Amino acid sequence: MASEIHRASTTAPVNIAVIKYWGKRDPKLNLPTNSSLSVTLSQSDLRTHTTASCSPTYTHDELILNGSSQDVSGARTQACFRELRTLRKQLETTNPSLPALSSMPLKIVSENNFPTAAGLASSAAGFAALVRSIANLYELPASPTELSRIARQGSGSACRSLFGGYVGWEQGSQPDGSDSLAFEVAPASHWPTMRAVILVVSAAKKGVSSTTGMQTTVATSSLFPVRANDTVPRRMAEMQTAIQERDFESFAKLTMMDSNSFHATCLDTWPPIFYLNDVSRAAIKAVEAINHAAGKIVAAYTFDAGPNAVVYFEEENEGIVAGALRKLVGEKEGWKGEAKSDDAVVEKVV
Ligand code: PMV
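Heads up: the sequence shown at position 42 corresponds to 42 in full-length UniProt numbering, and the numbers run straight through without jumps.
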């Protein structure tokens, strides 16, 4: 039927790195200079919902994000479309009775259930959902690992949002990126008491995009080679052990030290890059005060390429951690919780 429309929907959650990806050895394929590790937040909290459809009646590829049409001509979106179409074409070649979806224009409709401009890893959830929705539409027998290779080309960190729980991204060494893939470190159920609270700075937008920032850091920072070649490989191994052993103090210390190391290389970039602001530093001080009062490490902050804080803690400490941070949110100008409900700043990691 000429008017046929094929459709599939999916959701993908945001992930927040505890060992950061910062630096590309190949900007076109988004191949990183170091491995990284993240925690995927709950599907019910920050996520992108995407419906992919294709039809012979469509005239061109289209992407609509939160109701507004986006440019699909960029190399990253094009790379994802091309890779997925190639895989579908292979299926159609081996099974000629399948409809020729690979030659139909695509329409992708995406909605974020969180503010896109707030610098909350929206591109990670966005590209992961885009890739998985098209893979579902095309009925590709592809594993999350295989799809991570494609999502990585949309946005590096997106490859980690194809898994739940604790997720690594192996930097790989092949020039074509075939071994630069995401892998599961542990499912969310491995550590059911893990929680994260997100402190959103009002109207926060990235001053320097992650792509531009990474390239400038790689080119100019003298701290960067030590981070990429020595610090991160060691911490990747230590972090995986901490997760396997559900050792929160080690997990937390590594998380905070890695965030500080990443932001130190940003400051060491020329011209310098500042993602943290005074309110971010107030959050660091608040976490230090919480840990000092508890007599042990019960909370860990981390910051991506923006001023928003993500603080990890265990459920049993929710009262002291989230309570103290809510007080900070209430007192400090510049902080706001997510507007969903009173409790919305607390994200359950499942
Ligand atoms: O995937 P990108 O290009 O948005 O870069 C993400 C970089 C960080 O969020 C700062 C770190 C990370 O590993 O997610």
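Glycine included, C-beta positions come from ideal geometry on N, C-alpha and C.
No experiment lies behind these values; they were computed from the predicted model shown.
The C-alpha of P96 is placed about 42 Å away from the C-alpha of N34. Of the residues assessed, R76 falls on the buried side of the cut-off, its CB having 16 or more other CB atoms within 10 angstroms. Just measuring C-alpha positions, the residue of V39, A322, N30 sitting nearest V167 is V39. The beta carbon of L101 sits closer than 8 Å to those of H6, C54, R88, E92, L137, Y138, all from its chain and outside the five residues before and after it, given in chain order. Taking H190 as reference, the option from I297, G213, S209, T241 with the minimal CA-CA separation is T241. About 29 Å separates the Cβ atoms of A128 and A219, ruling out a contact at the 8 Å cut-off. Of the candidates L223, R246, K253, I284, K253 places its Cα closest to the Cα of R235. Rounded to whole angstroms, the gap between the alpha carbons of V321 and P192 is 17 Å.
Here DSSP, grouped into helix, strand and coil, assigns E184 to strand.
Burial state of A289 is exposed, judged by a 10 Å Cβ sphere holding fewer than 16 other Cβ atoms. Residue environment for W22: buried (at least 16 other C-beta atoms within 10 angstroms of its C-beta). Judged by DSSP secondary structure, T302 falls within the beta strand (DSSP E) whose first and last residues are 299-303.
Taking a contact to require three or more Cβ pairs closer than 8 Å, the stretch 258-276 and the stretch 154-162 do not qualify as touching. Judged by beta-carbon spacing, A299 lies beyond the 7 Å limit of V310, meaning their Cβ atoms are not closer than that value. Between the ligand PMV and D258, a heavy atom-to-CB distance of less than 6 Å is absent. Approximately 24 Å separates the beta-carbon atoms of T216 and G126; this is outside 8 Å, ruling out the contact. Within the same chain, S110 come within 6 Å of L65 by CB-CB distance, once the 5 residues on both sides are set aside. Around R246, the same chain offers W191 as residues with beta carbons nearer than 6 Å, after the five sequence neighbours per side are excluded.
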